[in-house]
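These protein sequences, in sequence, are chains A and B.
Everything in the first sequence is counted per this note's numbering, starting at 16 for the first residue and increasing by one.
Everything in the second sequence is counted per this note's numbering, starting at 5 for the first residue and increasing by one.
Built from N, CA and C at the ideal position, the CB exists for glycine as well.
Note that the coordinates shown come from a computational prediction; the quantities given were computed from them, not determined experimentally.
See structure below.
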Amino acid sequence: MKPESSSESRDPEMERLLVRALRPTASPAFRASLKERFLAGADEVVAEDTAGSAERAPRSAAEIRTDPRGSIPERTRLFPFVWPFVLAASVAFILHFFLTRDAVLRWRVVGTNGGGEYIVDGQRIHSSETGRLLDAVQTAHEIETMDSGLRLQLNDDLVLELGPKTRVSSLSFPPANIYSIYANVGSVRVTTGPTFDGNRLRVLTDDMETAVVGTTFGIDVEKIGTCLCCVAGVVECDARDGRGMQPTEAGKMRFAFHSGAKPMLGDAVSKHTEPLESLKSFASALWKK
Amino acid sequence: MEERDQDFLSRLVARDRDALGRFYELFFDRIYGYVRRLVVEDHLAEDVTQDVFVHIHRSIQTFDSARDLSPWVFTIAANKVRDHWRSRRHHDALRETSLDGDDARPLVEPVDGALGPLFDIENRELRATLDAAIGELPVGMRETLVLRWFEELPFDEIGRMIGRNETAVRKRYSRALAELRVNLEKRVGTVGGGNA
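What follows is the structure, encoded as structure tokens:
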């Protein structure tokens, strides 16, 4: 059993009890007979592979299309004709990429908080691999930070900061539409910039949805719920309590519980506002230049 | 770990008989246990387990040996269980919907904070009680509990298998434990006699 599972669970006592539960077992007769058939299948495959293609039973066209062995002759026949087109397309793509690269870059990596690794759409990238990281974030759908945070600037629209041990998914930042991002775990901080179009960003978690008019705010997805702290402007927040969007103003905090308990409204938490103030100062300096 | 032994994995992909035999010994109990927890009846569990091994045999060549074996195997098993539910849709419509509908259920609150008399029940009795209580969980919760607790798969892998994000899987796992606690506490009075 997993030794670390107690810390992941909210009910370690139950997990201790589960240690006593046993895995259901099959009858020995079934176990033995299935093994025999499973291994006999292996023998058939070996026999078929060594018998040669001429002795194989005819296969359907669909099988031939999906079977790599069946498709080799066709690929071989087409190879001399396909190759020049592949080459030309590759050259065109490379030229297009380098000529238009700067024009299409929308995101910039503006901080990596001391270095470390990130996982962008499944690729593990070290902060020192700046070109690779920059390319990956342009089209990223999912970003996970490990021990260090990551600051990203989207044109002059906003700066997005991901705290350490944070995972965001479903990133969608279309040029002329609503931006949205899903915070799975950790800290997501945003400060909007001079060209940010009001009410254009949605940040979602399991517990709440926020619509951002223009502000500096942070979302912290914690074990028991989601905390929203706002340090500038106003954030509209639906804490899924049936009241719809409610404003959370600068200096205020709204906490939505996983359990569905009534959301809590109070003063912003200093643990969350300090990195937000730092982000705000960073962005101000960035856009004053 | 044998599951990460590249030589073993390469021979497995090549359908080497010895490697398949080792694979069978490594996974048979785990797959049967998983399937049996979900389909409840022994003969159905045998049918589905057989389907799983037939499928594995046919598709092992497509397995990418750079990846972990367990999630690949359990994805096949999970799909076979789903196929089974679908084939019995007219009999088991409720179970079918509960596979994905558990998360809409309200979070159950434990009757009591402590398990108390549960710990006093004899082991054999306790196992039977636990099995029954696990069997009463909605299928989706049971699936998550089995994959996480018994099969030790990471939350993110389970999420990929069942089409949920990691947070949702963690939440479902916690709900499964909470509901299991309630199921157990309901049974303790009749099984253990409340000898706290």
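- The C-alpha of Trp76(B) is placed about 38 Å away from the C-alpha of Gln168(A).
- Below 8 Å, enough C-beta pairs join the region 226-239 of chain A and the region 278-298 of chain A to call them touching: three or more.
- The closest CA to that of Arg174(B), considering only Met145(B), Arg40(B), Gly139(B), Ala70(B), is found on Met145(B).
- Looking from the CA of Arg204(A), the closest CA among Leu216(A), Thr210(A), Ile193(A) belongs to Leu216(A).
- Per DSSP, Lys303(A) is one residue of the alpha helix (DSSP H) stretching across 285-303.
- Take Val39(B), set aside five residues on each side of it, and the residues of its chain with a beta-carbon closer than 8 Å to its own are Ala49, Val52, Thr53, Val56, Ala81, Lys84, Val85, in chain order.
- In the DSSP annotation of this structure, Glu264(A) is not part of any alpha helix (DSSP H); the continuous beta strand (DSSP E) holding it starts and ends at 261-264.
- Looking at the backbone, the Cα of Glu129(B) and that of Phe45(A) are separated by about 26 Å.
- For the region 29-46 of chain A, the set of residues with a beta-carbon nearer than 8 Å to any beta-carbon of chain B comprises Met29, Glu30, Leu32, Leu33, Arg35, Ala36, Leu37, Arg38, Pro39, Thr40, Ala41, Ser42, Phe45, Arg46, in chain order.
- Secondary structure note for Glu224(A): its beta strand (DSSP E) is the uninterrupted segment 224-236.
- Within chain B, the residues Glu170, Thr171 have their CB atoms less than 8 Å from the CB of Val200(A), given in chain order.
- Look at the region 162-174 of chain A: it has no residue with a C-beta under 7 Å from a C-beta of chain B.
- Between the C-alpha atoms of Gly25(B) and Leu54(A) there is a straight-line separation of about 7 Å.
- DSSP places Arg123(A) in the uninterrupted beta strand (DSSP E) bounded by 122-126.
- In the three-state scheme derived from DSSP, where H, G and I count as helix and E and B as strand, Gly130(A) is classed as coil.
- For Leu32(A), the enclosing alpha helix (DSSP H) begins and ends at 27-33.
- Residue-level contact by beta carbon holds for Phe53(A) and chain B, with a gap shorter than 8 Å.
- Along the region 70-88 of chain B, there is no position whose C-beta sits under 7 Å from a C-beta of chain A.
- Tyr177(B) has no beta-bridge partner at all, per DSSP.
- Collapsing the DSSP output to three states places Leu130(B) in a helix.
- With respect to Leu181(B), Met29(A) sits close: the two C-beta atoms are nearer than 8 Å.
- Residue pairing from DSSP places Tyr197(A) in a beta bridge opposite Ser184(A), Leu219(A).
- Within the model, the alpha-carbon separation for Leu184(B) versus Phe159(B) is close to 19 Å.
- By the neighbour-count criterion, in which a residue is buried when 16 or more other Cβ atoms sit within 10 angstroms of its Cβ, Gly240(A) is buried.
- Contact annotation: Asp72(B) and Arg38(A) have beta-carbon atoms that are not nearer than 8 Å.
- Along the region 174-191 of chain B, going in chain order, the ones with a CB nearer than 8 Å to a CB of chain A are Arg174, Lys175, Tyr177, Ser178, Leu181, Ala182, Leu184, Arg185, Leu188.
- Close partners of Ile138(B) in chain A (Cβ separation under 9 Å): Leu33, Ala36.
- Taking CB atoms only, Leu49(A) has a neighbour in chain B less than 8 Å away.
- In the DSSP assignment, Asp150(A) falls within the alpha helix (DSSP H) that extends over 145-153.
- Shown here, Thr160(A) sits in a strand according to DSSP, grouped into three states.
- Leu32(A) is classed as buried because its beta carbon has at least 16 other beta carbons within 10 Å across all chains shown.
- Around the beta carbon of His47(B), fewer than 16 other beta carbons lie within 10 angstroms, which makes this residue exposed.
- Neighbours of Asp221(A) across chain B, judged by C-beta separation under 8 Å: Thr171, Ala172, Lys175.
- Check the Cα spacing between Arg182(A) and each of Ile193(A), Asp172(A), Ser163(A), Leu49(A): the tightest is with Ser163(A).
- In this structure, DSSP gives Val44(B) a state outside helix and strand, which the three-state scheme calls coil.
- Not one beta carbon of chain B lies nearer than 8 Å to the beta carbon of His156(A).
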